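The structure under discussion appears below in the form of structure tokens.
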Amino acid sequence: MKAFPHLHPDTIKLLTLDKQARCDHMRALRFVPYPAGMAALRWLRHLYLTEYGRDRPRSMHLLGAAGMGKSRVLKHYASLHGQEERDAQGHRARPVVLVEMQHGDYKTLCTDLIRACLPDFRPTRTSNYLDRVIPTLQAAGVRQILIDEAGHLLLGGKHSQQQCLALLKSITNQGITICIATTENMKAVLAADEQLSSRFMQVRLPHWSESQEMRQFLSGIESQIPLPEPSRLDRLQIVRWLVSHGYTITSALLDLIRDAAITAIMAGHPHITLELLQETAATIMPPDRTD
Numbered sequence: 003m004k005a006f007p008h009l010h011p012d013t014i015k016l017l018t019l020d021k022q023a024r025c026d027h028m029r030a031l032r033f034v035p036y037p038a039g040m041a042a043l044r045w046l047r048h049l050y051l052t053e054y055g056r057d058r059p060r061s062m063h064l065l066g067a068a069g070m071g072k073s074r075v076l077k078h079y080a081s082l083h084g085q086e087e088r089d090a091q092g093h094r095a096r097p098v099v100l101v102e103m104q105h106g107d108y109k110t111l112c113t114d115l116i117r118a119c120l121p122d123f124r125p126t127r128t129s130n131y132l133d134r135v136i137p138t139l140q141a142a143g144v145r146q147i148l149i150d151e152a153g154h155l156l157l158g159g160k161h162s163q164q165q166c167l168a169l170l171k172s173i174t175n176q177g178i179t180i181c182i183a184t185t186e187n188m189k190a191v192l193a194a195d196e197q198l199s200s201r202f203m204q205v206r207l208p209h210w211s212e213s214q215e216m217r218q219f220l221s222g223i224e225s226q227i228p229l230p231e232p233s234r235l236d237r238l239q240i241v242r243w244l245v246s247h248g249y250t251i252t253s254a255l256l257d258l259i260r261d262a263a264i265t266a267i268m269a270g271h272p273h274i275t276l277e278l279l280q281e282t283a284a285t286i287m288p289p290d291r292t293d
């Protein structure tokens, strides 16, 4: 069997599939480890193991520009902490809960937290469910809460913002550690409550730059692209071109490589070239594919 040292073992299996199937694979790339992302994951795990149950446990504020991969980090981390086995009473613990802040609305946040523990939950009267948040979290065995797009908290008006901050404080008072994710320009999201903000440590996902870390990231992406020959996306010429043309945001970088990979697959090219990346960046049309 021919060796493909540049590919992940699972990706090698995809080489036998047709073009459309390989293009479909490009829609959902696995999480690629990189230093800043791994630091965030390690801090989350550390807080999970050491802070839960403490009086006023430390929590985490994940900061990064839009598209830098905050959601990917949180989703990957949450995927590593699925439901635990049922206890003697038939309850299934949900140690890590991931929700996305919507509109900065306090009632919606409460509902989403409860629904993350009780998927079939349907709110009735306000008084019946706002007071159920913390008891529901405790009953579900929640140790850690991840709140994506937490910057939306600032969009809900002063009263709703104060209610959300008070809820977060109440949750941490129960020994549950929290991670909120926002863009850098929303880093003041906790400033309205000095006592609460002092409990959150900041971890950042910086822009990509010409570095060994970026080369490792590109190599990790390449290992998931079902092309038979190495593209060497981590070589200096490509790294410098990407950085000089503004591909320093994770989402933009992944979109460019994904589109170039689909073009290469459909055209029968064995690998991605710098010229193909340049053509993909310049084109106004989507990559060819069959439907």
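Take the sequence shown: its letter number 77 is residue 79 in my numbering, and every next letter is one higher.
Even for Gly, the Cβ is constructed at its ideal location relative to N, Cα and C.
Nothing here was measured: the structure is a model prediction, and the numbers come from that model.
Exercise for the section: Could you name the residues that DSSP lists as bridge partners for Ala193? Expected result: To locate residue 193, count along the sequence shown from 1; it is residue 191. Answer is none; Ala193 lacks a bridge partner.
Practice task
For the alpha helix (DSSP H) containing Phe123, list its first residue and its last residue.
Solution key: Sequence index remark: in the sequence shown, residue 123 carries index 121 (1-based). Following the DSSP letters along the chain, one finds Phe123 in no alpha helix (DSSP H), marked with neither H nor E.
Problem - Beta-carbon gap between Ala142 and Cys119 smaller than 8 Å - result: In the sequence shown, residue 142 corresponds to position 140, counting from 1. In the sequence shown, residue 119 corresponds to position 117, counting from 1. Against a cut-off of 8 Å, the Cβ pair of Cys119 and Ala142 comes out as a contact.
Practice task
Say whether the region 201-213 touches the region 234-245, bearing in mind that this needs 3 or more beta-carbon pairs closer than 8 Å, one atom from each stretch.
Solution key: Because the criterion of three Cβ pairs below 8 Å is met, the region 201-213 and the region 234-245 touch.
Exercise for the section: Give me the Cβ distance between Leu156 and Gln163, rounded to the nearest whole Å; I'm assuming they're in contact under 8 Å. Expected result: Translated into the one-based positions of the sequence shown, residue 156 becomes position 154. Translated into the one-based positions of the sequence shown, residue 163 becomes position 161. With 8 Å as the limit, Leu156 and Gln163 qualify as a contact, their Cβ atoms being about 6 Å apart.
Exercise for the section: Give, in chain order, every unbroken run of the alpha helix (DSSP H) that is at least 4 residues long and sits entirely within the region 13-52. Expected result: Counting only unbroken stretches of 4 or more residues, the alpha helix (DSSP H) elements lying wholly within the region 13-52 are 21-27, 37-52, in sequence order.
Practice task
Leaving out five residues on either side along the sequence, give the residues of the same chain with a beta carbon under 7 Å from the beta carbon of Pro230.
Solution key: Counting from 1 along the sequence shown, the entry for residue 230 is found at position 228. Only residues of its own chain outside the window of five on either side were considered, and among them Phe6, Leu17, Pro272 have a CB closer than 7 Å to the CB of Pro230, listed in chain order.
Handout entry: Buried or exposed by the 16-neighbour rule on C-beta atoms within 10 Å, applied to His105
Key = Residue numbering aside, residue 105 sits at position 103 when the sequence shown is read from its first letter. Exposed: under 16 other Cβ atoms inside 10 Å.
Practice task
Could you check if Met3 is buried or exposed, using at least 16 other CB atoms within 10 Å of its CB as the buried criterion?
Solution key: Residue mapping note: residue 3 aligns to position 1 of the sequence shown, counting from 1. Confidence in Met3 is poor, its pLDDT being 47 and thus under 50, which makes the residue's placement unreliable; the coordinate value appears in the next sentence. Within a 10 Å sphere around the beta-carbon of Met3 sit fewer than 16 other beta-carbons, which makes this residue exposed.
Exercise for the section: To the nearest angstrom, report how far apart Phe33 and Arg60 are at their CA atoms. Expected result: Residue 33 sits at position 31 when you count from the first residue of the sequence shown. Residue 60 sits at position 58 when you count from the first residue of the sequence shown. Approximately 26 Å between the Cα atoms of the pair.
Problem - Exposure label - Leu82; buried when at least 16 CB within 10 Å - result: Within the sequence shown, the letter at position 80 stands for residue 82. Exposed, by the Cβ-count rule.
Exercise for the section: Compute the Euclidean distance between the alpha carbons of Ile147 and Gly153, then round it to the nearest angstrom. Expected result: Working through the sequence shown from its first residue, we reach residue 147 at position 145. Working through the sequence shown from its first residue, we reach residue 153 at position 151. Taking C-alpha positions only, Ile147 is separated from Gly153 by approximately 16 Å.
Practice task
Would you kindly check if the distance between the Cβ of Arg145 and the Cβ of Val98 is under 8 Å?
Solution key: Reading the sequence shown from its first residue, position 96 is the one you call residue 98. Reading the sequence shown from its first residue, position 143 is the one you call residue 145. It is a contact, given that the beta carbons lie within the stated cut-off.
Practice task
Pick out whichever of Pro288, Ile264, Gly69 has its Cα sitting closest to the Cα of Arg24.
Solution key: Mapped onto the sequence shown, residue 24 falls at position 22. Closest by alpha carbon: Ile264.
Practice task
State the Cα-Cα distance for the pair Gln239 and Ala68, rounded to the nearest angstrom.
Solution key: As a first step, residue 239 is located in the sequence shown; it is residue number 237 there, counting from the start. As a first step, residue 68 is located in the sequence shown; it is residue number 66 there, counting from the start. If I take the Cα positions, the gap works out to 26 Å.
Practice task
Return the chain-ordered list of same chain residues with a C-beta closer than 6 Å to the C-beta of Asp114, the five sequence neighbours on each side being excluded.
Solution key: Position 112 of the sequence shown, counted from the start, is the residue given in the question as residue 114. By the criterion of a C-beta distance shorter than 6 Å, Asp114 is surrounded in its chain by Val101, once the five residues flanking it on both sides are discounted.
Handout entry: Rounded separation between Leu43 and Asp12 - CA only
Key = Here the question's residue 43 lines up with position 41 in the sequence shown. Here the question's residue 12 lines up with position 10 in the sequence shown. Their backbone Cα atoms lie some 23 Å apart in a straight line.
Practice task
Could you check if Gln226 is buried or exposed, using at least 16 other CB atoms within 10 Å of its CB as the buried criterion?
Solution key: Residue mapping note: residue 226 aligns to position 224 of the sequence shown, counting from 1. By the neighbour-count rule (16 or more Cβ atoms within 10 Å), Gln226 is buried.
Handout entry: C-alpha distance - Pro289 paired with Ala269, whole-angstrom precision
Key = For the purposes of this step, residue 289 is taken as residue 287 along the sequence shown, with counting starting at 1. For the purposes of this step, residue 269 is taken as residue 267 along the sequence shown, with counting starting at 1. So the two alpha carbons sit approximately 10 Å from each other.
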